[in-house]
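Report on one structure; see the data block that follows.
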Amino acid sequence: MTSATLCHTLERSIVIRAQREVVFRFFTDSARWAAWWGAGSTIDPQPGGRVFIRYPGGIEVSGEIVEIDEPERIVFTYGFVAGSPIPPGSSLVTIALERERAGTRVRLSHAFAEAQVRDEHVQGWRYQLSLFANAVADDAAASVPEIVDRWFAAWSEPDAAARNAALEHTVAADVSMRDRFSAIDGAADLREHLAAVHRFMPGMAITRDGAVRQCQGVAIADWIARGADGQERARGTNVFTLTPEGTIEAVTGFWGR
């Protein structure tokens, strides 16, 4: 296999809302590799190391790592164990990771000897990179319920110093908040807004109601607001957008459900 023979290239680019080091872990850990491709898939993260993919339908692909440069780039050969439509070693996959404000841009290049085979893989990679984005998001989402709960706890905290300390580790500096009673931009504006909440509605507390749902950097959580007497005052749903670092970038709130 030479670069001259692999003259038909498929290229695709997506952005994943996670830091590059988090994304690259899926190329160095077989459990994460399998979470992307399918149970039984493995990767040996070193030059010459074996790449093995077992798709959920039982189709198997094997290859060998040509280059690995953490956390920037991985190159490996790719072919089907059964020999069709292409045998092992007969195509070359390059995945490069680039830092972006929104997270990590994943650039895929898959080079083939034949245009027809390349075209047969276009939808496959569209699907597999979609699964990849979700696998990374799921892996990074373990702390999302904690972050959401800190957000609601800040709304419920009457002590300004404690409230502001909690917000410092929960929201981005340019956080925005939108609901029927809020049009807030920036952490400083949010702090003043919450101070007013406790001034005019003393004793008010908000708690999460049910599980947090998340998908690729966006989380949804239902909430209940109760007064100082413990009686329910309102219910609603918040939609959270998270930064690649895992803090809250934006919140949109919907009252009533």
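Take my numbering: the final residue in the sequence shown is number 434, and no numbers are missing along the way.
Heads up, the beta-carbon is just placed ideally off N, CA and C, and yes, glycines get one too.
Between the segment 318-331 and the segment 222-240 there are fewer than three inter-stretch CB-CB distances shorter than 8 Å, so the stretches are not counted as touching.
With respect to Val243, Phe253 sits close: the two C-beta atoms are nearer than 8 Å.
Cβ atoms of Trp214 and Tyr232 come within 8 Å of each other, at about 7 Å. In its chain, beyond the 5 residues on either side, Arg282, Val283, Arg284 and Leu285 have a beta carbon closer than 8 Å to the beta carbon of Ser190. If you look at Arg368, you'll find it in the alpha helix (DSSP H) that goes Ala364 to Phe377. Runs of the beta strand (DSSP E) spanning 3 or more residues and lying entirely within the segment 289-369 occur at 348-356 and 359-362, in chain order. Separation of Leu367 and Asp351 (C-alpha to C-alpha, rounded to the nearest whole angstrom) is 10 Å.
About 14 Å separates the CB atoms of Gln196 and Ala310; that is not less than 8 Å, and the two are not in contact.
Under the three-state reduction of DSSP output, Glu247 falls in the coil class, being neither helix nor strand. DSSP places Arg194 outside both helix and strand once states are collapsed to three, so it counts as coil.
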